[in-house]
Structure formats: C-alpha cells, structure tokens
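Novice:
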Amino acid sequence: MSILIDSQSRILVQGLTGKEATFHAGKMLEYGTRLVAGVTPGKGGQRHLGLPVYNTVEEAVKSEEPDVSIIFVPPLVGAEAIMEAAEAGLKLIVCITEGIPVLDMLRVKSWLKRYQASLIGPNTPGLISPGQSKVGIMPGHIHRPGPVGIISRSGTLTYEAVQQLTAVGLGQSTAIGIGGDPITGLKFAELLELFRNDSQTEAVVLIGEIGGSAEEEAADYLKTSSYPKPVLAYIAGITAPAGKRLGHAGAIIEGGQGSAGEKIERLKAAGVKIIDNPARIGLITAEVLSVKN
Amino acid sequence: MSILIDSQSRILVQGLTGKEATFHAGKMLEYGTRLVAGVTPGKGGQRHLGLPVYNTVEEAVKSEEPDVSIIFVPPLVGAEAIMEAAEAGLKLIVCITEGIPVLDMLRVKSWLKRYQASLIGPNTPGLISPGQSKVGIMPGHIHRPGPVGIISRSGTLTYEAVQQLTAVGLGQSTAIGIGGDPITGLKFAELLELFRNDSQTEAVVLIGEIGGSAEEEAADYLKTSSYPKPVLAYIAGITAPAGKRLGHAGAIIEGGQGSAGEKIERLKAAGVKIIDNPARIGLITAEVLSVKN
Amino acid sequence: MLIHEFQAKEFLRRLDVNIPEGRLAATPAEAIQAARELASPVVLKAQVLAGGRGKAGGILRADNPEEAQKLAAGLLGSHLATAQTGGQGLPVFRLLVEKAIQPKKEFYVGLCVDRKNENLAVLASSRGGIEIEQLSASCPESVKKIGFYPDEGLKLFEARRLAYFLKLEESSVRDFVHLLQKLTRFFIDHDLKLLEINPLALTADGKLTALDARMEFDDCSLPRHPELAALRDESQENELEREARKYGLNYIKMDGQIGCLVNGAGLAMATMDIVKHFGGRPANFLDIGGGVTEEAVSRAFEILLSDDQVISALINIFGGIVRCDLVARGVVKAAHSRSLKKPVVVRLEGTNVAEGRKILEDSGLPFTFALDFERAARLAVELSGVRI
Amino acid sequence: MLIHEFQAKEFLRRLDVNIPEGRLAATPAEAIQAARELASPVVLKAQVLAGGRGKAGGILRADNPEEAQKLAAGLLGSHLATAQTGGQGLPVFRLLVEKAIQPKKEFYVGLCVDRKNENLAVLASSRGGIEIEQLSASCPESVKKIGFYPDEGLKLFEARRLAYFLKLEESSVRDFVHLLQKLTRFFIDHDLKLLEINPLALTADGKLTALDARMEFDDCSLPRHPELAALRDESQENELEREARKYGLNYIKMDGQIGCLVNGAGLAMATMDIVKHFGGRPANFLDIGGGVTEEAVSRAFEILLSDDQVISALINIFGGIVRCDLVARGVVKAAHSRSLKKPVVVRLEGTNVAEGRKILEDSGLPFTFALDFERAARLAVELSGVRI
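Residue numbers (the working numbering), protein chains in the order written: chain A, 1 to 293; chain B, 1001 to 1293; chain C, 2001 to 2388; chain D, 3001 to 3388.
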C-alpha cells in the first residue's frame, strides 16, 4: 500500500510555470509521478512540460480531476494557494513554499477545517511512496519500496535517514516531510494514525527537532493508542542553544519549551525507541525490525 | 416532555440589571422559571431581584451552573453577548434584543458552530414550555400545557395563535419564537426535528411570514423526513408588497424571493396543512388532531 | 438605508474606483452649466431612490448643453414612477449630469448578504445593465456567485475566478481583482447590505468604470457609523411613512380602504391578510411596536385617518408589553382631534383589556367592539362597504 | 525581528497608549540634557535587543541630571550581558531616559502566536515585571491566557474577562479593554509574533502606562511591511551572524572547537549533535540552504574559519538541490584565500559527488575524506584534540 499517495494519485502543480516548479516537476515526471496539470494565473490555455496549464485550480480540477496538489508559489501568496486548492476540493495539498508568514498559516488552518483537506507543509520537501509516486523535491533515487514509514520535520536529514535505511536493505512505504515551520498541516500524530492502518508499513521512524510540541503530541497519541508497530525517533538539536532559530522557522526553543531533551523523555515514556546517534538510524531500525520478525 | 426547556432548566439573564430585563425577569420568576443568576459587567457582586449578579458569563457559569441564557442587551453589543454565552459553555441561548446588525449576526453564526451552541433569536419573544418554564417576554397566562408545538417568526401573532389553541382546549408542549431578523439561530427545520422526538407533542403549528427561505427549508426537510406528526402552517404577508420591509427586519420580499404564495406552495407540496385564515389556527388544529385521534 | 447614485459614486471616487466625470444639478441652469463643463454629450440621471430609472425615462442622453437644459427642465420637480416605486413615483430634485461613455463591454458586479447561506456573496455577470433578478431567472449560467465571510473577506483567488469567468483580458484581471478587494473591504467596514455596480463598463481605453452604483446600508448598524446617517434623503420617503418613522412606528401605505392599527409585525401582516381573506383591501401596514407611547399611538391613528382612501378602521391589539389602556387613550385623543367620523372596529386582548375598553366606551366616540379576531375583521370589511 | 524598547514605545505612542515621558540619548551630554528637560528623577534604560536588562544592570535610576550623566557614561559604549545574550553581551549605543514613575500596581500583558493551539493568545497577570516563563512556572494561577483568531480579533468580552481577572477597578476596566483592542489590532495588522508590555503600570492618577515594551515582527511578513524593515538594528547582531545573513546563510555562533558546514537545518543540527555524541563541541550551527551560490559557500567557509575557537572543521553535504561540485568550488576558494591550516573533514553525498570530490582532491589542500556520516564526525572530533 503506502499512505496518502500511490501510483494512481493524480497530481496538480500550482505555480507550474515558475523556475523551481519547472525543475522539480521535470524530476517528478522522470520518477513516474502522474502529474496531470498545472495552474498559473494568466497562463491558462498554454502547455508546459507537456501538461495543460489553467488559470484557476477550479478549472484544473474540473478538466483533469487531480486529487493531490503540490504548491510552488512565492511565500506571500502561499496561503492563498493552499486555500484555493482546498476550496476546489483537493483532499491532499503539499506546500513546498518556504517563508509563509505565520499569521497567514493560522488563517489557512482555520480555512482547512471547513474543507476536510489535509495539508503537508509548508516548507517541506514533500512526500514520496517509493516506486509509486514522488510529490516533492527529494532525490528519488535513494529511496526503495519497503516496510519503513518516515515522518520528518527536516529535508536533508530525511535523505540521510532514507539512505541509511536503503543501505541496510530497508525500503520505505512512504516518507513524509511535515515541514519546518511553526505552523504546519499534518503532524506526527495524524500521520502515525495513517501508518497504523497501512499494511505495507512495519515500523515508523520519526525525525523530530527542537521547537513546538509536535513530538510531545505524538508521544501523547502513542501513549493512549496501543500502537501496533514499533516506532523509533531521532530528535535533532540536543546541542541547540535556547532562543536561537536554527534554520527552520519552527526550530527554536522558546520560553523554555520545545527542547530536544524534553521531547526525548516524552517519547521514551511512550515506548518509542530513541536513536541518539543520527548516523545509526538505519542500523537501529534494522535491529528493531529483526527482533520483531 | 417539551423541547429545549423544562422545569429543571437553570436560566441566566444577560443584562439583568437593565430596565427591560428587570421587568421581564420579574415576570419569568412569577411564572416559576428557575432564574439562577444575572450578568452585568461592572455590577458583579451585587444582587438584583434576589439573584446574584456577575461581571462575566464565565463566572456566572462557574458559580451557578445555568444551562440556558436569555439576553437583554443593547443591539450593538448583542453579538458579543451571544458569543460570550456560547464560549462559556451555554448550550441554549435566547436573544431577545432587536436591531443587531446583520454582519454581526453572520459572525455570530460562524462562532456558534465552534461551540455547538443553539441560538433562539435574536428579535424573538423567546420560548415557553407551559407550566414548566418561560424564557421570554410572552404573556404566560394565555398558555396551557398540551400537545401542540409552535414555531413562529412572530411575537403577538404567536400569542394570538396560542390563545386560539387554548380556547379550543389545546395546550402547548413548547412555543418558540425564532425571531424576525434576516439571520437567526434555530429555524423551522431544526426545531421540527426536535418536536419529532418529543413524546408530548402531537402536532406542530408553523407560523411563518414573507422573506428569507426558512419556510422553504422546512418544506424540504418535511418532504424527505417522513415526519410522523401533522404539521400545520399559517404564513403571514399574502398581502405584502414587494421590496417593503414589514416591521421585522427579515420580513421583506427581495428580488422576487420570499413571497407568502411561494412559501405556501412549497409547504403544501410537502404535506403541510395550510391555514389561510389566521383567526382559525385553533379550530383547524383541533380538527386535524381530532381526525388523527 | 438606500443612498443616491451620486452619493454612492462619491464613495467609489474616494476608493479610487473609476467613475464618469459628472456634476450634480438641481436646476436646468446648473444642468446646462454642467454639460458645458463636461464638453461632450452627457447623460442626465434622475436621482431617485429606486431602480428601473432607465425604462421609466429617468435617464436621458443630451448631445449638447441646450438639450441638457431642456431635458433637465422636464425631469426636475417631476415625479418618476418606476417598476419599483409604485404608482405615484418619487420626486426628482437632483440630476447627475455625466459625460456619456461608450463602453466596449458591460458587466454586472454585486455584493449582498446571502440570508440562505448566512454569509456574504459577490455576484458577477458578463451581461451588465440588466437587473440581477431578471438575469438570474432568464440566464442563470451568465451569473456566477461566490460566498465569503465578513471576517475573512474575499480571497484573491476568488476574485480572480470571477475575473476569468467574465473572460476579462489579463490586463483587466488585475484591475478587476483590485476593484473587488476595495468593494468588499468597503462593504464590510461600512456594514452594507447591498452594493451593486451595474453596469461596470470596460471602456475603449481598457479601464473598468462604474456607470451606475447602488448602495444600501444596514439601518441597525447606523449608530456605529454616524457619518452615514447624514446621507438619508427623506424627500424620497412617503410623507406619512416618514412621519410615522419619527414616532418609531412601522407604517407602510397601501392602496386599500381599511386602515389597520396593530401591535406586532406578524399580527399586523395577519390583520391585512384576514381583511383580504374576507374580500376587503387593507389601506396600510401599521405596527405600533412594543415600546410605544400614548403620544405615538395617537399619531399613528391620526396618520391612519389622514389617509383619504380609508373608509373604515380596524384596531387589533394583543396586549403583552403594550397595555390596552395606553392604546385606548392614544386612540381617543387622536379621534377627538380629528373629529372622527369613520367607523372604527376595535378588538382588544391581553394586558389591561378592561381598562382599555372602558376608556373607549366612555369617550362617546363611535367605536364598534368585536370579541375576537375574525369577527373584528369581518365587521371592518363590511363597514368598508364590501358585502361578505 | 526584534525591535528596541524605544521603537516599540513609539508605536505605542502613535496608538495613544500611555508611556512615560522620555528622550533617547546616545551620549552622556544628551543624557544630562534629557534628565534636565524631564525635571524629575529619571530611569536610564540600555537599548539592547534582549530581556533581563534590569538584573544585568542595564536599567538604572538617577535622582538628578548629574547622576544621569555619570551613569550614562558608564553604560554607553559598554557591552551588556544579560541572561538572554550569552557571554559577550550586546553593545549599548543608546539609552532611553524616562521620567521615573511610581506605580500603584504592575501587570503583565502579552500577545503571541500560540503554536500548539494554532491561534493567537493574549496573556495577562497581576504580577507584572517578572518574565512570563518564570511566572507561568512558579505561579501559574496568576497568569490567564485567552486564545483568539487573527481574522476575528479579540472580543470585548474576552478583554473584559482579563480585566476582571486582574481585579481592576471599574474605571480601569474600560481603559484596559480599549488598550487590548488597540494592541491586538496592531499585532494583527503588522504581523507580530510577540508583543509584551511588562510591566503595565497602574499609576497613582489611575492611568494604565506601559513601562516597558517588547515587539517581535515575523521576518517572513516583512516584505509586505516595507516600513518595518528599516527598524532593524544590525549593531545588535553577532558580526559573523550578520555577515552570514547577507549571503542568505543560517549561521549561529556557539562556543565549541569544531566548525560545521552543512546543507539543511535538520542535518546541520544532527551534525552538531553527533559531534557532541562523540565528545566534541560544535563551534557553530551553519546551514548553507538550498539555493546557495558558490560565492556564498565560500563566504560561509571563511566565516567558519575566521572563528578563532575553531580547531577542526566538518563539511557534511547531502546533495539534492545543492550540488556537491558547487560546494567544493566554494570551499576551495575560501580555503585558498584564508590559506587553510586547520584540518577539514569532508563528507559528500548525492548530486555530483564525484565531481565535488575531484575538485577537493585536485586543490592540493589538506582535506580528509570520510565515507559516511559517523566516520566523518568521529574524525573531526579526533582532529579537534578529543580522544574518543
């Protein structure tokens, strides 16, 4: 199986004709992702990368019936793009854009409730179900289909984890970047719930980091859900100083909240296997899975 | 039984110390309604009509555990009062205030969705479950407990209907004014659904009027719900000219929509017994009930 | 509260929305002066608070200043009866004299409160110049509606969607989106109930220009917009209705013979309806309201009696908050001052009914009492000369 | 982006929020002049972008102008190290000289983005003057929080609830509600992330006065608030961090010996963590980002090397969008220009890894290659002099 996307997923690219989108849409097509259309206001009627371009998401939905949208637009119109996708009926929206103002994201979250749409990101590399569909900007070739689900707040660190897993012979069911911003769409807990019901997934690796409380919420979820699969976690930022923003807008210890140590304690107490050396994500996951099987 | 309120209902009065509220709270107490507290910002700690007064609804809820609030405040703070009541956890809010701006009411309706609170009104005489509780400004003495549920957009016309029913020996389970404004809380359809499940109620009388589409929605509801009890309706305003507001802010035929004739046709098609003479509401209801029994 | 086209356009001008160059003229001399200043063919537009002016002859084109003067002389001081005004029409005290504009295309744009969906709606159509109700009925696919909430406002993508629906060229899409943003902001900030630009013209130079504008404010919100209250034009109201409003009465003049005085809007409508049910014709809607004074009741009854069409009167009071004795005293006072000659049927019910009845009986005036609603209505109809 | 107290107070002044009368002083002479004009005991407040100034000696009282001058001379030009600044502290270039105020009571009022609840929050406490984190930890019942949404704003009843929680007298309730309305409006309109008034004083004459003010704007939103960008004070940033920011690099100086150059924030944190895991101490966080240029990589490596505490360096690149050859060229350029002597461990992975490695090898510079993440980290730690 996999979660959220598979080989049947029909993908729309918002902002398709932009430079970054053009590059990554090309890579997605190479990977075999079913891109069906693009949207760029004012360029409706053109074709780009062989795909039809529409002025509005509504028109694209009517003609091409996509079920997932991936967004590459400038940050100040990012919130609008997400809202437009949700309103047009897309149930999964992946926002790559970095730098969307935080108040805009609060408005987006309220908006999404009205439409039962799921958001991945913003400021995310996207997600991939190896061998089926890549909806994001991650290097496709390092992935293999397999039993490990990955949920991560990071980009390159996820690639690192994926490569380690692939190197020890463990493929991935779906690998998802939830995004590095303070306010994001789906987080660890909701995605754990999806992996729970996915037959392909045998273990889930969480890659968290300082800031916010997504990891703590995951711990609360796991504590009360008798989760049937092993969950492992690496939390980045054990060396991070308080009050400093480490690259990601969301990676900051504020008012004493959101430290890596606190997150690790909470996850450990919820039965999660903590990985304290980020170079051993692959090895430790393999150990856990071999013990289980 | 009865719906929404009964002898156990604990009532809070927002704006209790005002002139109108004082008068009507007195009448409600005379009727036997269980008023438990009042709220007037700045008068917290005082007593009024023997009731404790609080500064905020939150405090009143904490101390007196009301489950219904009735609101008598000036129109420009009416929306705030409703929101405060919903936010404090009250599940039924009755707003007597007339003249709340329509954009305020749109905001209120969005707000209420978040709290699963039901609103009656604004610009309503309130509601009464005869012999049990009167939460409103209607003359209590004309009511009798009995089998007829009443839902009305009007005030004095409802009193007229009640008196006619009482005169022919038919009491009322609950009589509810839904309010004469363009945007109101519960409307005919939702209240019909409540009467459906009320064992005391054997028939429901709707008193509608020109403007809006609440009657049409009731017709749509009845058409698809195999409603188990007879429903009768009188629609006021068959003589109303288009484009003129007849007293109630909501009673206006706009853009050819909302005429009494249209409403009557729709209700008739949904199996509702139409009463075309407002002086015969009591008699016709008695006929329908005697045929049924 | 409706405002005049020229007032609405002044708001648009302040929002930097394009409007035709124009002048207000209250006399033919001002009209010729305006036409000269505008130095081109002009349009004279009667400023009355009703739609349908074009078909009713309230919008006229003048090719030169002299023609403008002549046409203005005909319009000013006249009454303009449109499909929306009723028979007598509304007095024309001012004309808006505007440079005539030749649009390439005309659109409809409207914002309103959507009662059914409990939000705001923006409507647009590529068939401007036609009433929206007519358009929605005859050609619904030419109208697109988008709902939005006052706290959220209209999103850019929603405005863009309408622009593409109208098949605007890319250069106009941005202007249109910008226009809608300004209109929705204004609508929300000023508590409007209706804002229409019809037609919105696309001119030869590619500009979007508001050729007409209609704005209605929410009366309930006027206390928080004191600057708006001054825009009310009482000359456009029926004299009796205006007089009634001063006393907090809801009075609407109609064309029948039976004057009705009632407390409560629903009961007032029902009273009109039952009059019609028995073959009579109501002369008015009149709700004296809940917080009425004796003085206001007296004025209400005077207003009712001062309508020459009224043959008989029907007083129907279900006293709750309103006390029957108060109503009776007001009625007697008015009846005396107008030396009442018309037959009056009275039905009193509720609070202080005995006192009320006694006051009426003791007045020595020719009131006819009825015990219930139906008998009261039948009597009033019969007394108006209709045989039941 | 944090702004200074005096800048935040200027915003408050424009909102008609009471603030103490004050002057900005950049020299002791200006300080004495300010104290004379204020004609009363004054408070001198060091303008540095960090909290905890009071305890660190950055807020001083002067009873007369001469004392003000003397204290100003001590503060101006010095570095102020508070609990929030780290060891070196921040330079004091300006003082806010304010009339000393004797409050009857002090409150805390703060607005912030609530990540967990995904809305905005207003917090209030009757124990002003203390850091809110401390207060929440030591005395949670003294803090009340109310959440609200940016599109809806704070409702009056919510503001009133806070006022009653603070046990304000009725005369101050209205002022407080009014104050909160202004602050929330400002917060939302200007895309703030944090706004604190701490303490908010109730003075003897019953006025609510902001004795201190802290505002942080959302960097992401600055492009739509061009007027705010000018408020940035670069003097308050670490020189290397400021230099890095110019090139779009995320660099945070720390106190270790191993310089790290990484692409991606998560991998950069993980690289610091693994260094610590093997007993080393990272000298910095450095994420070169996804859209980096050769020039920026070169500057990044120069910045890293210019830190005298750095003994060894660790370059960890997982090429995706970033190409290894581009990074290699930038690194070689910097190494040449700084005549590299420190040991540098390199781990390259992903896009164009072979080309990158070749460029490094051909440079003739002393790079040590490691095949994977763990070996790279161990080597760098060992080369920094730690025995594993």
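Each residue gets a CB set at the ideal place from its N, CA and C atoms; glycine is no exception.
Among C:Glu2227, C:Leu2261, C:Phe2165, which has the Cα closest to the Cα of Asn2316 (chain C)?
Specialist: In the third sequence, counting from the first residue as 1, residue 2316 (chain C) sits at position 316. For the residues C:Glu2227, C:Leu2261, C:Phe2165, the minimum Cα distance to Asn2316 (chain C) belongs to C:Leu2261.
Novice: Can you name, in chain order, every residue of its own chain whose Cβ lies under 8 Å from the Cβ of Glu2382 (chain C), other than the five neighbours on each side?
Specialist: As a first step, residue 2382 (chain C) is located in the third sequence; it is residue number 382 there, counting from the start. Excluding positions up to five away in sequence, the list reads Ile2388.
Novice: Under 8 Å between C-beta atoms, does Arg2115 (chain C) make it to chain B?
Specialist: Looking up residue 2115 (chain C) in the third sequence gives position 115. Interface residue, yes.
Novice: Is Ala3210 (chain D) a contact residue of the ligand NAD, with contact defined as CB to any heavy atom under 7 Å?
Specialist: This structure lacks the ligand NAD, and indeed carries no ligand of any kind.
Novice: Quick one: list the residues of chain C neighbouring Leu1106 (chain B), beta-carbon separation under 8 Å, in chain order.
Specialist: Here residue 1106 (chain B) refers to the residue found at position 106 of the second sequence. Val2113, Glu2118, Asn2119, Leu2120, Tyr2149, Pro2150, listed in chain order.
Novice: Can you tell me which residues form a DSSP beta bridge with Asp3114 (chain D)?
Specialist: To locate residue 3114 (chain D), count along the fourth sequence from 1; it is residue 114. Answer by DSSP bridge pairing, in chain order: D:Asn3119.
Novice: Would you say Asn3263 (chain D) lies against chain A (beta-carbon separation less than 8 Å)?
Specialist: Taking the first residue of the fourth sequence as position 1, residue 3263 (chain D) is located at position 263. Answer yes: the Cβ-Cβ gap between Asn3263 (chain D) and chain A drops below 8 Å somewhere.
Novice: Can you find a C-beta in chain F that's less than 8 Å from the C-beta of Gly99 (chain A)?
Specialist: Among the protein chains in the structure shown, which are A, B, C and D, there is no chain F.
Novice: Leaving out five residues on either side along the sequence, give the residues of the same chain with a beta carbon under 7 Å from the beta carbon of Asn3352 (chain D).
Specialist: Position 352 of the fourth sequence, counted from the start, is the residue given in the question as residue 3352 (chain D). Hits under 7 Å: Gly3319, Arg3323, Cys3324, Asp3325.
Novice: I want to verify the contact list: residues of chain B whose CB lies under 7 Å from the CB of Leu3156 (chain D), in sequence order.
Specialist: Translated into positions along the fourth sequence, residue 3156 (chain D) becomes position 156. Here the neighbours are Glu1080.
Novice: Got a sec: which bits of the stretch 3363–3383 of chain D sit with their beta carbon under 8 Å from any beta carbon on chain A, in order along the chain?
Specialist: In summary, the residues of the stretch 3363–3383 of chain D whose CB is separated from some CB of chain A by less than 8 Å are Asp3372, Phe3373, Glu3374, Ala3377, in the order they occur in the chain.
Novice: Measure the CB-CB distance between Leu2314 (chain C) and Ala2300 (chain C) and report whether it falls below 8 Å.
Specialist: Here residue 2314 (chain C) is taken as the residue at index 314 of the third sequence, counted from 1. Here residue 2300 (chain C) is taken as the residue at index 300 of the third sequence, counted from 1. With a cutoff of 8 Å on beta-carbon distance, Leu2314 (chain C) and Ala2300 (chain C) are scored as not near each other.
Novice: Taking the alpha carbon of Ile128 (chain A) as the point to measure from, which residue in A:Asp276, A:Ile275, A:Tyr227, A:Met1 has its own alpha carbon closest?
Specialist: If you number the first sequence from 1, residue 128 (chain A) lands on position 128. The candidate whose alpha carbon is nearest that of Ile128 (chain A) is A:Met1.
Novice: Determine the burial state of Gln116 (chain A): buried for a count of at least 16 other Cβ atoms within 10 Å of its Cβ, exposed for fewer.
Specialist: The residue given as residue 116 (chain A) occupies position 116 in the first sequence. It counts as exposed.
Novice: Report the start-end ranges of each alpha helix (DSSP H) in the stretch 2195–2271 of chain C that is 4 residues or longer and not cut off at the edges.
Specialist: 2226–2229, 2239–2246
Novice: Provide the residue span of the alpha helix (DSSP H) that contains Ala2073 (chain C), from first to last.
Specialist: To locate residue 2073 (chain C), count along the third sequence from 1; it is residue 73. 2065–2075 is the span of the alpha helix (DSSP H), which, as asked, contains Ala2073 (chain C).
Novice: If you check the beta carbons only, do Gly179 (chain A) and Pro122 (chain A) fall under 8 Å apart?
Specialist: Counting from 1 along the first sequence, the entry for residue 179 (chain A) is found at position 179. Counting from 1 along the first sequence, the entry for residue 122 (chain A) is found at position 122. In this structure, Gly179 (chain A) places its C-beta atom within 8 Å of the C-beta atom of Pro122 (chain A).
Novice: What did DSSP end up calling Ala1260 (chain B) once you bin it into helix, strand or coil?
Specialist: Position 260 of the second sequence, counted from the start, is the residue given in the question as residue 1260 (chain B). Residue state, collapsed to three classes: helix.
Novice: With a threshold of 8 Å between beta-carbons, can Thr3082 (chain D) be considered close to chain A, or not?
Specialist: In the fourth sequence, residue 3082 (chain D) corresponds to position 82, counting from 1. Chain A, which has no Cβ nearer than 8 Å to the Cβ of Thr3082 (chain D), makes this no.
Novice: Helix or strand or just coil, what does DSSP make of Lys268 (chain A)?
Specialist: Reading the first sequence from its first residue, position 268 is the one you call residue 268 (chain A). Looking at Lys268 (chain A) - three-state DSSP - the assignment turns out to be helix.
Novice: Take Leu232 (chain A) and list the residues in its own chain whose beta-carbon comes closer than 8 Å to its own, dropping the five residues that flank it on each side.
Specialist: Residue mapping note: residue 232 (chain A) aligns to position 232 of the first sequence, counting from 1. Around Leu232 (chain A): Ala203, Val204, Val205, Leu206, Val272, Lys273, Ile274, Ile275, Ile281, Ile284, Thr285, Val288.
Novice: Spell out a yes or no on whether the stretch 3107–3124 of chain D and the stretch 3199–3218 of chain D are touching, meaning 3 or more CB-CB pairs, one atom from each, closer than 8 Å.
Specialist: yes
Novice: Measuring straight from C-alpha to C-alpha, what distance separates Ala86 (chain A) and Gly38 (chain A)?
Specialist: Looking up residue 86 (chain A) in the first sequence gives position 86. Looking up residue 38 (chain A) in the first sequence gives position 38. Cα-Cα distance, rounded: 16 Å.
Novice: Do you know whose CA, among C:Phe2217, C:Arg2127, C:Cys2220, C:Glu2302, lies nearest Lys2342 (chain C)'s CA?
Specialist: For the purposes of this step, residue 2342 (chain C) is identified with residue 342 of the third sequence, where counting begins at 1. Each of C:Phe2217, C:Arg2127, C:Cys2220, C:Glu2302 was checked against the Cα of Lys2342 (chain C), and the nearest Cα belongs to C:Glu2302.
Novice: Less than 8 Å between the CB atoms is what I'm expecting for Thr22 (chain A) and Val53 (chain A), so what's the real figure, rounded?
Specialist: Position 22 of the first sequence holds residue 22 (chain A). Position 53 of the first sequence holds residue 53 (chain A). Rounded, the Cβ-Cβ distance is 11 Å, inconsistent with contact.
Novice: Skipping 5 residues on each side, what residues in its chain have a beta carbon closer than 6 Å to that of Thr1184 (chain B)?
Specialist: Indexing the second sequence from 1 puts residue 1184 (chain B) at position 184. Closer than 6 Å at the Cβ level, and outside the excluded window around Thr1184 (chain B), lie Ile1178.
Novice: Could you tell me whether the stretch 3114–3133 of chain D touches the stretch 3144–3157 of chain D, where touching means 3 or more Cβ pairs closer than 8 Å?
Specialist: Output reads yes: the stretch 3144–3157 of chain D touches the stretch 3114–3133 of chain D.
Novice: Flag this pair as yes or no: are the beta carbons of Ile137 (chain A) and Gly126 (chain A) separated by less than 8 Å?
Specialist: In the first sequence, counting from the first residue as 1, residue 137 (chain A) sits at position 137. In the first sequence, counting from the first residue as 1, residue 126 (chain A) sits at position 126. Yes; because the gap between Cβ atoms is below 8 Å, this pair is in contact.
Novice: By Cβ distance below 7 Å, which residues in the same chain neighbour Arg3160 (chain D) in space, the five residues on each side in sequence not counted?
Specialist: Translated into positions along the fourth sequence, residue 3160 (chain D) becomes position 160. Hits under 7 Å: Val3173, Val3177.
Novice: DSSP on Leu165 (chain A), reduced to helix/strand/coil?
Specialist: By one-based count along the first sequence, residue 165 (chain A) stands at place 165. Of the three classes helix, strand and coil, the one that applies to Leu165 (chain A) here is helix, per DSSP.
Novice: Under three-state DSSP, which class holds Ile1235 (chain B)?
Specialist: Sequence index remark: in the second sequence, residue 1235 (chain B) carries index 235 (1-based). DSSP places Ile1235 (chain B) in strand when its eight states are reduced to three.
Novice: Using the C-alpha atoms, what's the distance from Lys2358 (chain C) back to Leu2365 (chain C)?
Specialist: Locating residue 2365 (chain C) in the third sequence gives position 365, counting from the first residue. Locating residue 2358 (chain C) in the third sequence gives position 358, counting from the first residue. Each residue's alpha carbon lies about 12 Å from the other.
Novice: Since Arg3115 (chain D) and Gly140 (chain A) are thought to touch, with beta carbons under 8 Å apart, how far apart are those beta carbons, to the nearest angstrom?
Specialist: Taking the fourth sequence and counting its residues from 1, one reaches residue 3115 (chain D) at position 115. Taking the first sequence and counting its residues from 1, one reaches residue 140 (chain A) at position 140. That pair is no contact at about 32 Å.
Novice: Going by the beta-carbon positions, is the gap between Ala3265 (chain D) and Ser154 (chain A) smaller than 8 Å?
Specialist: For this step, residue 3265 (chain D) is matched to residue 265 along the fourth sequence. For this step, residue 154 (chain A) is matched to residue 154 along the first sequence. Yes, the Cβ-Cβ distance between Ala3265 (chain D) and Ser154 (chain A) is below 8 Å.
Novice: How is the beta strand (DSSP E) around Ala214 (chain A) delimited, first residue to last?
Specialist: The residue you call residue 214 (chain A) lines up with position 214 of the first sequence. Segment 214–224 is the alpha helix (DSSP H) holding Ala214 (chain A); no beta strand (DSSP E) there.
Novice: Taking the beta carbon of Ala3335 (chain D) as the centre, do at least 16 other beta carbons fall within 10 Å, making it buried, or is it exposed?
Specialist: For the purposes of this step, residue 3335 (chain D) is taken as the residue at position 335 of the fourth sequence. Buried, because 16 or more other Cβ atoms sit within 10 Å of the Cβ of Ala3335 (chain D).
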